[in-house]
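Q: Dropping the structure in here first, questions after.
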Amino acid sequence: MIESGGWTVFDHMELLFVIGLPIGLAKKAQARAVMESFVIYMIWNTNINYILNTWNFGVDMSNVEDAIGIKEIGGVATLDTNLIGALLISGLAVYLHNRFFDTPLPEWLGIFSGSSFVVMLGFFMAIPLAFLTAWIWPSIQDVISQLQGFMASSGTAGVGIYVFLQRLLIPTGLHHFINQPFEFGPAAVEGGLLNYWFENLSEIAAFDGSIREIFPQGGFMLQNASMFFFPIGIGAAFVATSKPEKWKKTMALVIPTAATAMIAGITEPSYF
């Protein structure tokens, strides 16, 4: 339950960025900017859903729950563009808000001024952006998939690249494209590493030799060790290099973030 609750923010990170960015960047009427950003973002995702269901673009939408690269946002199945898509569309919404929110319209169009006008502009801009996303983003996902195949067949070097990319891609949220096919998909073993581990745990435990012999693909699960050990080292480094008079404040910052990483597996507060 603790882990499930801890992931609430990160499971909805896109919406939080779409809501949060206008609060910081809108020059006026921030509350209305938040609403405009959310509506335009959902229009964009809904357009992507319609495009993929109509023209496919090489994306299989028949089994959304098990599909890799598809995510349900606000009840809409769309391409998993993570924070990149959220920042792109919310940034566009903020620009439209700052530029056109106070634009005077003819009296007979007055009802469409303000937020209505901004959303209307965003509605029409979201159409070509959705087509571009549906066309380009699957190719980016394919490159990542090919990289997964390379890592799975490269032994120790592949594990090293895997863990490195996990840490490198965390700021963009794209690290899920790396780990999910290994942990829950067929990138390393059929059915995913987690299922394989639990299904064969008794056999692995009874094996007298090295675990590497009976479960060589298990190296890809070692990235989870970083969630426990890295935050401890990072926190200790912060405390050790801080001024003595700042130790209490530093520890008050470090201990909760390290504990969050070790208990819930959420490392972002500790890393960033």
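Mapping to UniProt numbering: the sequence shown position 151 is 151, numbers consecutive. Quick reminder that beta carbons are idealized off the backbone N, C-alpha and C, glycines included.
For Lys28, tell me which candidate among Val76, Glu183, Phe184 and Asn98 has the shortest Cα-Cα distance.
A: On the sequence shown, position 28 is the one that residue 28 refers to. Checking every option, the nearest Cα to that of Lys28 belongs to Asn98.
Q: Helix, strand or coil, according to DSSP, for Lys71 in the structure here?
A: Position 71 of the sequence shown, counted from the first residue, corresponds to residue 71. Three-state DSSP puts Lys71 in a strand.
Q: Applying the 10 Å Cβ sphere with the 16-neighbour rule, what's the burial state of Ile127?
A: Walking along the sequence shown from the start, residue 127 turns up at place 127. Exposed, by the Cβ-count rule.
Q: If you draw a straight line from the alpha carbon of Gly74 to that of Val64, how long is it in whole angstroms?
A: What you label residue 74 is simply residue 74 of the sequence shown in a count that begins at 1. What you label residue 64 is simply residue 64 of the sequence shown in a count that begins at 1. Each residue's alpha carbon lies about 14 Å from the other.
Q: Please return the same chain residues whose Cβ sits closer than 6 Å to the Cβ of Met61, not counting the five positions on each side in sequence.
A: In the sequence shown, residue 61 corresponds to position 61, counting from 1. The residues are Leu52 and Asn53.
Q: Three or more C-beta pairs under 8 Å: does that hold for the region 115-134 against the region 158-171?
A: Too few Cβ pairs lie closer than 8 Å, so no.
Q: What residue does the alpha helix (DSSP H) around residue 277 start on, and which one ends it?
A: For residue 277 there is no data in the structure shown, the boundaries of the chain being 1 and 272.
Q: What runs of the alpha helix (DSSP H), each 4 residues or longer, lie entirely inside the region 57-118?
A: Fully enclosed alpha helix (DSSP H) runs of 4 or longer: 82-100.
Q: Using only alpha-carbon positions, find the residue among Ala236, Ser153, Ser37 and Ile263 that is nearest to Ser4.
A: Sequence index remark: in the sequence shown, residue 4 carries index 4 (1-based). Of the candidates Ala236, Ser153, Ser37 and Ile263, the one whose C-alpha sits nearest the C-alpha of Ser4 is Ile263.
Q: Can you check the region 224-262 for any beta strand (DSSP E) of at least 3 residues that lies completely inside it and give the ranges in chain order?
A: Counting whole runs of 3 or more residues, the region 224-262 contains no beta strand (DSSP E) stretch at all.
Q: Helix, strand or coil: which one does DSSP assign to His12?
A: Working through the sequence shown from its first residue, we reach residue 12 at position 12. In the structure shown, His12 sits in coil (DSSP, three-state: anything other than H, G, I, E or B).
Q: Would you mind sorting Asn82 into buried or exposed? The rule is 16 or more other CB atoms within 10 Å of its CB.
A: Walking along the sequence shown from the start, residue 82 turns up at place 82. It counts as buried.
Q: Using a Cβ-Cβ cutoff of less than 8 Å, which residues in the same chain neighbour Phe228 once the five nearest sequence positions on both sides are dropped?
A: Taking the sequence shown and counting its residues from 1, the one referred to as residue 228 is at position 228. Only Ala261 and Met262 meet the Cβ criterion.
Q: Measure the Cβ-Cβ separation of Ala187 and Ala152 and say whether it is below 8 Å.
A: Taking the sequence shown and counting its residues from 1, the one referred to as residue 187 is at position 187. Taking the sequence shown and counting its residues from 1, the one referred to as residue 152 is at position 152. Yes, these two residues count as a Cβ contact at 8 Å.
Q: Within the chosen definition, does the region 132-151 reach the region 229-248 through at least 3 CB pairs nearer than 8 Å?
A: With the cut-off at 8 Å, the region 132-151 and the region 229-248 do not touch.
Q: Could you check if Met1 is buried or exposed, using at least 16 other CB atoms within 10 Å of its CB as the buried criterion?
A: Mapped onto the sequence shown, residue 1 falls at position 1. Counting Cβ neighbours within 10 Å, Met1 comes out exposed, since fewer than 16 surround it.
Q: For a quick check, are the C-beta atoms of Pro231 and Ala258 less than 8 Å apart?
A: On the sequence shown, position 231 is the one that residue 231 refers to. On the sequence shown, position 258 is the one that residue 258 refers to. Yes, the pair counts as a contact, with Cβ atoms nearer than the cut-off.
Q: Got a sec? Which residues, its chain only, sit under 6 Å from Tyr196 by beta carbon, not counting five neighbours each side?
A: The sequence position of residue 196 within the sequence shown is 196, counting from 1. So the list reads Val189, once near-sequence residues are dropped.
Q: Could you give the residue range of the alpha helix (DSSP H) that holds Ile51?
A: The count along the sequence shown starts at 1 and reaches residue 51 at position 51. Note, Ile51: alpha helix (DSSP H), Gln30 to Trp55.
Q: Taking CB distances under 8 Å as the criterion, tell me whether Ile214 reaches chain B.
A: You won't find chain B in this structure, because it holds only one protein chain.
Q: Near Pro181, what residues of its chain come up, given a Cβ to Cβ distance below 6 Å and the 5 sequence neighbours on each side ignored?
A: Position 181 of the sequence shown, counted from the start, is the residue given in the question as residue 181. Only Ile68, Gln148 and Ala187 meet the Cβ criterion.
Q: Which value, in whole angstroms, describes the spacing of the CA atoms of Ile111 and Ala134?
A: Within the sequence shown, residue 111 is the residue found at index 111, counting from 1. Within the sequence shown, residue 134 is the residue found at index 134, counting from 1. Looking at the two C-alpha atoms, the distance is approximately 33 Å.
Q: Is DSSP giving Asn200 helix, strand or coil here?
A: Locating residue 200 in the sequence shown gives position 200, counting from the first residue. Here Asn200 sits in coil by DSSP.
Q: Looking at Pro171: is its Cβ nearer than 8 Å to the Cβ of Ala93?
A: For the purposes of this step, residue 171 is identified with residue 171 of the sequence shown, where counting begins at 1. For the purposes of this step, residue 93 is identified with residue 93 of the sequence shown, where counting begins at 1. In this structure, Ala93 does not lie closer than 8 Å to Pro171 by Cβ.
Q: Take Ile161 and list the residues in its own chain whose beta-carbon comes closer than 6 Å to its own, dropping the five residues that flank it on each side.
A: For this step, residue 161 is matched to residue 161 along the sequence shown. Within the same chain, Ile161 has close Cβ partners Met151.
Q: Buried or exposed for Ala130, please, with buried defined as at least 16 other CB atoms from any protein chain shown within 10 angstroms of its CB.
A: In the sequence shown, counting from the first residue as 1, residue 130 sits at position 130. By the 10 Å Cβ count, Ala130 comes out buried.
Q: Using alpha carbons as the reference points, say which of Met221, Ile140, Ala237 and Met13 lies closest to Gly158.
A: Walking along the sequence shown from the start, residue 158 turns up at place 158. Taking only the C-alpha atoms, the option nearest Gly158 is Met221.
Q: Would Asn56 be called buried (16 or more neighbouring beta carbons within 10 Å of its own) or exposed?
A: The residue you call residue 56 lines up with position 56 of the sequence shown. When all chains shown are included, Asn56 counts as exposed.
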